[in-house]
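Student: Numbering (the working numbering), first residue to last: 172 to 649.
Positions of the beta carbon are idealized from the N, C-alpha and C atoms, including for glycine.
#1: May I ask you to check if the CB of residue 264 is nearer than 8 Å to at least one heavy atom of the ligand FMN?
#2: Does DSSP put residue 639 in a helix, a strand or coil?
#3: With distances taken from CA atoms, which of 186, 194, 185 is nearest residue 525?
#4: Just how far apart, CA to CA, sit residue 428 and residue 217?
#5: Mark residue 225 as exposed unless 16 or more other C-beta atoms lie within 10 angstroms of its C-beta, in which case mark it buried.
#6: Output needed for residue 592: all residues of its chain with C-beta closer than 6 Å, excluding positions within five of it in sequence on either side, in chain order.
#7: Where DSSP assigns a beta bridge to residue 123, which residues make up the other side?
#8: Taking C-beta to C-beta, are residue 340 and residue 317 nearer than 9 Å?
#9: Tell me, please, which residues DSSP counts as bridged to residue 217.
#10: Count the other CB atoms, across all protein chains shown, that sit within 10 Å of the CB of residue 371; report buried if there are 16 or more and exposed otherwise.
#11: Any idea if residue 175 is buried or exposed, counting beta-carbon neighbours within 10 angstroms, 16 or more meaning buried?
#12: Counting contacts by CB-CB distance shorter than 9 Å, is residue 253 in contact with chain B?
#13: With the cut-off set at 9 Å, would you say residue 544 and residue 510 are in Cβ contact?
#14: Can you list, in chain order, the stretches of the alpha helix (DSSP H) that have 4 or more residues and sit fully within the region 519-568?
#15: Could you give the distance in angstroms between the alpha-carbon of residue 601 and the alpha-carbon of residue 366?
#16: By how many angstroms is the C-alpha of residue 609 removed from the C-alpha of residue 260?
#17: Quick check: the Cα distance between residue 330 and residue 323, rounded to an integer number of angstroms?
#18: Would you grab the beta carbon distance between residue 368 and residue 450 for me? Rounded to a whole angstrom, and I think it's under 8 Å.
#19: Alpha carbon to alpha carbon, how far is residue 480 from residue 374?
#20: Does the pairing of the region 552-567 with the region 302-310 give three or more beta-carbon distances under 8 Å?
#21: To the nearest angstrom, report how far apart residue 579 and residue 326 are at their CA atoms.
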C-alpha cells in the first residue's frame with residue numbers, strides 16, 4: 172500500500188532444530204490505525220479503558236479469594252505489606268515490559284522480548300519455563316475452584332466432604348480444556364462479564380467491610396499485633412502471593428491493537444497493578460479485622476467466605492462463595508488458554524516441534540498445544556498442593572520478569588537499528604535494574620521445595636535447548 176511504513180524487521184532468524192525446522196518469523200507493518208502481520212490485520216481499537224480491563228481481568232482472580240487465609244496465617248495483618256511488596260515488584264517490571272511491547276508488538280509477550288533481546292538460550296529457558304509456570308498456575312486455580320465448589324454446595328445445604336475438592340477440580344479442568352479446543356470467542360465474552368461482576372461484588376463487600384472495621388458502621392475492631400511472627404514471614408508470604416499479580420504482563424500482548432500505545436500501554440499496565448494491589452491490601456485489612464490470623468488460617472482456602480458471613484451474614488457468605496467460584500473459574504480458563512499460546516509461540520520459533528503449533532481446521536484453535544497444556548495441568552491438580560503450585564508458578568514467572576528487565580538493558584546498550592519504542596522507561600537504568608534484582612530476590616524467600624522444583628524445570632529446559640535447538644538463532648529476529 173502506498174504511504175505505508177516499511178516492515179519492522181531486524182536480522183533474519185537462522186538455523187534449524189534437530190528435525191530440520193526453521194523459525195517461522197512474521198513481518199510486521201505498523202500504522203496509526205492498525206498492526207499488519209502475515210496472518211492478520213489488527214485494528215487499533217483498544218483505548219486506556221480496554222487495556223485496564225485486560226490487566227485487571229487477568230489479575231483479579233483466585234488470589235483475592237484463595238490467599239487471605241493462607242497469607243494471614245503466615246504473616247498476620249502484615250500480609251497486607253506482603254501484597255504491597257508484590258505490587259511494587261510488578262510495577263518495576265511493568266514499565267520495562269511496556270517499552271519492549273511498543274518496540275515489538277507481538278503476541279509472544281515476555282518470551283518474545285527475551286528471545287529477541289537476549290538470544291535463543293534465554294528465550295528457550297523462558298518460553299518452556301513459562302509453559303510449565305502457567306501449568307502450575309492453572310492447577311493452583313483449579314484446586315481453588317474445587318474448594319469453592321464444595322463450599323457452594325455447603326451454602327446450598329448439600330454437605331459434602333473436602334475429599335470431593337480434587338475430583339471436582341479435575342472434572343472442570345477437563346471441561347475448560349475442551350472449551351478452549353472448540354473456540355475462545357465466547358469464552359472471552361464470558362470473561363469480560365465475569366470480571367465486571369467480580370469487581371462489583373468486591374467493591375461493595377470491601378467498602379462495607381472497611382467502614383465496619385474502622386468503626387464507621389459498627390464497633391471498631393481491636394487489631395492484633397501487626398507482625399505476630401516477625402518480619403521474615405512478610406517476605407516469604409510476598410513470594411507466595413505473587414501469583415496474584417501474574418496477569419499484568421498480558422496487557423503487553425495486545426500492544427499491536429492499542430491506540431496511542433506509547434501513552435496507553437504503560438498507563439494500563441501500571442494502573443491495573445495499582446488498582447488490584449489496593450484491592451488486595453484492603454482485603455487483608457478487612458479479613459484480619461474480622462478474625463484473628465490463627466482463625467483465618469484454620470478457615471484455609473475459603474476463609475473469605477467466613478469473612479463475608481461476619482460482615483453481611485448469609486448474604487455476604489453467598490456473595491463471596493459465588494465470587495470465588497467465578498474468580499477461580501475465570502483464572503483457570505484464562506490460564507489454560509495462555510498456556511497453549513506459550514507453547515504455540517515457542518514451537519513457531521522451532522524450539523519445540525512445529526507440529527505443536529498446528530491449528531485445528533474446524534475450530535481455528537491450537538489443539539496440539541492445548542493437549543500439551545491440559546495433560547500436565549490435570550496431573551498437578553491431582554496433587555492438591557496449593558502453596559507449592561502457587562510458588563512454583565511465581566518462581567518461573569519471576570525468572571521471566573527479571574530477564575525482561577535484563578533484555579531491556581541489553582537492547583538499550585546495543586540500540587539496534589530496528590529498536591524504536593513509542594515509550595521509554597523513565598529513570599533508566601535504575602528502574603529496570605531494580606526490577607531485575609527484586610524479581611530474582613523474591614525467589615530467595617520461597618520454600619525450598621518450590622525452589623528445587625522451579626530450578627529443576629529450568630535445568631530441563633536448558634538441556635532440551637542444547638539437545639533440540641542449539642543451532643536456532645533468534646536474537647534481533649523480528
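Tutor: Reading from the atomic positions:
#1: Absence of the ligand FMN is noted for the structure shown, with no ligands found whatsoever.
#2: helix
#3: 194
#4: 6 Å
#5: buried
#6: 270, 273, 274
#7: With the chain represented from 172 up to 649, any question about residue 123 goes unanswered, as that position is not in the structure.
#8: yes
#9: 429
#10: exposed
#11: Low local confidence applies: a pLDDT of 46 at residue 175 is under 50, so the model's placement there is unreliable, with the coordinate-based value given in what follows. The residue is exposed, with fewer than 16 neighbouring Cβ atoms inside 10 Å.
#12: This model lacks chain B altogether; it includes just one protein chain.
#13: yes
#14: 538-552
#15: 35 Å
#16: 6 Å
#17: 10 Å
#18: With 8 Å as the limit, residue 368 and residue 450 do not qualify as a contact, their Cβ atoms being about 15 Å apart.
#19: 16 Å
#20: yes
#21: 50 Å
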